[in-house]
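**Student:**
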Amino acid sequence: MPYDISTMEVGDRPEFSAPDPRILETLGEEKFRAFMSRFYDIISEDDDVAHFFPQEGPELEAAKQNSSDFFVQLMGGRKWHDERRGGKNMEYVHRRFSITPKSREGWLHCMQQALAELDLEQELKDSFWNYVEAFSKHIVNVSIKKTGTYEEMVKV
Ligand code: HEM
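With my numbering as the guide, the letters of the sequence shown map in order to residues 3 to 158.
1. Going by beta carbon distance, what residues of the same chain come within less than 7 Å of Glu-107, once the five residues before and after it are set aside?
2. Thinking Val-134 and Met-113 are a contact (beta carbons under 8 Å), I'd like their distance in whole angstroms, please.
3. I'd like to check one pair, Arg-24 with His-140: are the Cβ atoms closer than 8 Å?
4. Three-state secondary structure (DSSP) at Arg-15?
5. Cβ of Pro-21 versus every heavy atom of the ligand HEM: is any distance shorter than 7 Å?
6. In whole angstroms, give me the CA-to-CA distance for Ile-44 and Ser-105.
7. Helix, strand or coil: how does DSSP classify Asn-91 here?
8. So Ser-69 packs on Met-38, CB below 8 Å; how close in whole Å?
9. Closest by CA to Ala-64, which one among Val-51, Arg-35, Met-92?
10. Take Gln-124 as the anchor and find which of Val-12, Asp-22, Gly-13 has the nearest alpha-carbon.
11. Kindly indicate which three-state DSSP category Lys-104 falls into: helix, strand or coil?
This is the structure:
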């Protein structure tokens, strides 16, 4: 049963809770990193979001590591992201990219698939999902607004 993705407006900053630390306790760091790796592999095959991300090689491995470091730290594990990335702010690191509500949906679809494949109790998967569903709204930084027809727009 796929998770719901709630709609949003650019600028929404809903409250969120960090994923349950028991996710990391249950899986251990190695299995959690394997899950993130699978997530990035799913992304790289997704027509809606693949273009944002490195597709292969050391760049892809670094992206997997940076994200895993962040989540491990967020769930109470070693402060990898502080140590290796200086604990960079998430809104700031995503500002290099134009991320629309639609990009968020594409990213979340990949996450749904990765979670569906993960062997973990449902309550813990739900906790992870609730975090990414809400926090991903903070990452969205542009909207695409249609302002009118071509004829209307070329007049301005
Ligand atoms: C809950 C939502 C999200 C979280 C927690 C998250 C987390 C992260 C983290 C930790 C990094 C690595 C930062 C660093 O250390 O430099 C990262 C990189 C990135 N994220 Fe996100 N992200 C989220 C949503 C999204 C969405 C919706 C998109 C767009 C579809 C996106 C696109 C990217 C891109 C393009 C990178 C850079 C990849 C690279 O290293 O080359 N993220 N994200």
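For glycine and all other residues, C-beta sits at the position ideal for the given N, C-alpha and C.
**Tutor:** This is what the structure gives:
1. Along the sequence shown, one-based indexing puts residue 107 at 105. Correct list, in chain order: Ile-7.
2. Counting from 1 along the sequence shown, the entry for residue 134 is found at position 132. Counting from 1 along the sequence shown, the entry for residue 113 is found at position 111. About 6 Å; that satisfies the 8 Å criterion.
3. As a working note, residue 140 is residue 138 in the sequence shown. As a working note, residue 24 is residue 22 in the sequence shown. Against a cut-off of 8 Å, the Cβ pair of Arg-24 and His-140 comes out as no contact.
4. Reading the sequence shown from its first residue, position 13 is the one you call residue 15. Coil.
5. For the purposes of this step, residue 21 is taken as the residue at position 19 of the sequence shown. Here the distance from the Cβ of Pro-21 to the nearest heavy atom of the ligand HEM is not below 7 Å.
6. Taking the sequence shown and counting its residues from 1, one reaches residue 44 at position 42. Taking the sequence shown and counting its residues from 1, one reaches residue 105 at position 103. Rounded to whole angstroms, Ile-44 to Ser-105 spans 14 Å at the Cα level.
7. Position 89 of the sequence shown, counted from the start, is the residue given in the question as residue 91. The three-state secondary structure of Asn-91, taken from DSSP, is coil.
8. Translated into the one-based positions of the sequence shown, residue 69 becomes position 67. Translated into the one-based positions of the sequence shown, residue 38 becomes position 36. Contact between Ser-69 and Met-38 is confirmed by a C-beta separation of about 5 Å, below the 8 Å threshold.
9. As a first step, residue 64 must be located in the sequence shown, where it is residue number 62. Nearest of Val-51, Arg-35, Met-92 to Ala-64, Cα basis: Arg-35.
10. Against the sequence shown, residue 124 aligns to sequence position 122. Of the residues Val-12, Asp-22, Gly-13, the one whose Cα lies closest to the Cα of Gln-124 is Asp-22.
11. One-based indexing of the sequence shown puts residue 104 at position 102. Residue state, collapsed to three classes: helix.
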